[in-house]
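Numbering (this note's numbering), first residue to last: 258 to 598.
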Ligand code: FDP
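This is the structure we're talking about:
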């Protein structure tokens, strides 16, 4: 379980593996499993980075023709990223099970690795996949929990834990440069990939998001699906009120990891409301909302579904969707005020 508010001193330029090990040394009870898990994940990220950076050159663009559990067409690169992460992580001995946005059920650890592990990994292999073909930043989002089930293997209940129980969360964004951003409950740290040496190097220690932002991010094309509260809220961010730093600038890439990363660094609010008719959100609690909420809180921001904090939601389903309002603390408070009307 992560504790809010602890800080670690940082050295620019150290590799992500060294950073993880140095952090581990501060916890004498640590076995090294967790550090090993994160280091392996960084390696998987490098392999996905290599594929993404060659996307325009090799025959990986386009769709597989299949439809995933979310009813979306599966892109070849999603498939590839999913396979790489599963193959890379299932023989580490650190995990008892995995769950992927691309896969219906939990992914068991192969029988040839019967020792199992103490952690679970939930991940979105390639978030923002509808942007793959047009060179927009996309990313891998991940969330780590401790195994709580009693059996030898991981079970569904290991994944249906609140976001507050995450031991780590992060993302790898494949953009103008590739970055790994993670938190293990002691601040948020960003590492930029240096392709010449094949390492993620600490470039953004202790990332903090401003208390109040200047950017609002929402798909306004969906405004016909909003209820009156959301309409008023968005109008509020667009209203001219110089003394209170409004209007905000509108920025929406349509790739959550990229929209989130920009807002985290610059200050802003990302909103994906529920559909007024169905009451359903689009984004997934376990693979998107909860990990990003942990990162956001660790950076000084916050995240809500509507009235509830994202991290306090008890998941009921592996592929549960939630509305999401995430970003600077004051801006999330503003959302809460409008949504509470
Ligand atoms: P995508 O469908 O391209 O994978 O959760 C998926 C996601 O992208 C997010 O990355 C993104 O923020 C959102 O959906 C975009 O949805 P809209 O097209 O409805 O705005």
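Cβ atoms here follow ideal geometry from the backbone N, Cα and C, with glycine treated the same way.
Span separating the alpha-carbon of residue i from that of residue j
i: residue 340; j: residue 501; result: 48 Å
i: residue 504; j: residue 526; result: 13 Å
i: residue 462; j: residue 279; result: 14 Å
i: residue 508; j: residue 524; result: 12 Å
i: residue 484; j: residue 281; result: 47 Å
i: residue 376; j: residue 285; result: 19 Å
i: residue 295; j: residue 426; result: 10 Å
i: residue 548; j: residue 399; result: 6 Å
i: residue 420; j: residue 582; result: 15 Å
i: residue 272; j: residue 302; result: 14 Å
i: residue 356; j: residue 380; result: 6 Å
i: residue 538; j: residue 474; result: 15 Å
i: residue 211; j: residue 598; result: No information on residue 211 is available, as it lies outside the stretch 258 to 598 that the chain covers here.
i: residue 392; j: residue 431; result: 10 Å
i: residue 311; j: residue 471; result: 34 Å
i: residue 486; j: residue 531; result: 11 Å
i: residue 452; j: residue 436; result: 11 Å
i: residue 577; j: residue 557; result: 26 Å
i: residue 510; j: residue 465; result: 22 Å
i: residue 338; j: residue 422; result: 26 Å
i: residue 297; j: residue 493; result: 44 Å
i: residue 293; j: residue 478; result: 43 Å
Three-state class that DSSP yields for residue i in the structure shown
i: residue 527; result: strand
i: residue 478; result: helix
i: residue 515; result: helix
i: residue 417; result: coil
i: residue 347; result: coil
i: residue 548; result: helix
i: residue 486; result: helix
i: residue 425; result: strand
i: residue 472; result: strand
i: residue 306; result: helix
i: residue 609; result: Because the chain spans 258 through 598 in this model, residue 609 falls outside it and cannot be assessed.
i: residue 493; result: helix
Buried versus exposed call for residue i [16 or more other C-beta atoms within 10 Å across all chains shown]
i: residue 325; result: buried
i: residue 287; result: exposed
i: residue 554; result: buried
i: residue 409; result: exposed
i: residue 568; result: buried
i: residue 588; result: buried
i: residue 512; result: buried
i: residue 266; result: Residue confidence for residue 266 is low, a pLDDT of 48 falling below 50, so the modelled location carries little weight; the figure read from the coordinates is stated next. Classification of residue 266: exposed, given that the 10 Å Cβ count is below 16.
i: residue 440; result: buried
i: residue 434; result: exposed
i: residue 481; result: exposed
Residue i CB to nearest heavy atom of the ligand FDP below 7 Å
i: residue 518; result: no
i: residue 539; result: yes
i: residue 400; result: no
i: residue 297; result: no
i: residue 394; result: no
i: residue 545; result: yes
i: residue 574; result: no
i: residue 549; result: no
i: residue 384; result: yes
i: residue 511; result: yes
i: residue 357; result: no
i: residue 325; result: no
i: residue 387; result: yes
i: residue 476; result: yes
i: residue 493; result: no
i: residue 479; result: yes
What runs of the beta strand (DSSP E), each 3 residues or longer, lie entirely inside the segment 531 to 584?
559 to 561 and 581 to 584
Of all the beta strand (DSSP E) runs that stay within the bounds of the segment 361 to 403, which reach a length of 3 or more residues?
Along the length of the segment 361 to 403, whole beta strand (DSSP E) runs at least 3 residues long occupy 376 to 384 and 395 to 403, reported in chain order.
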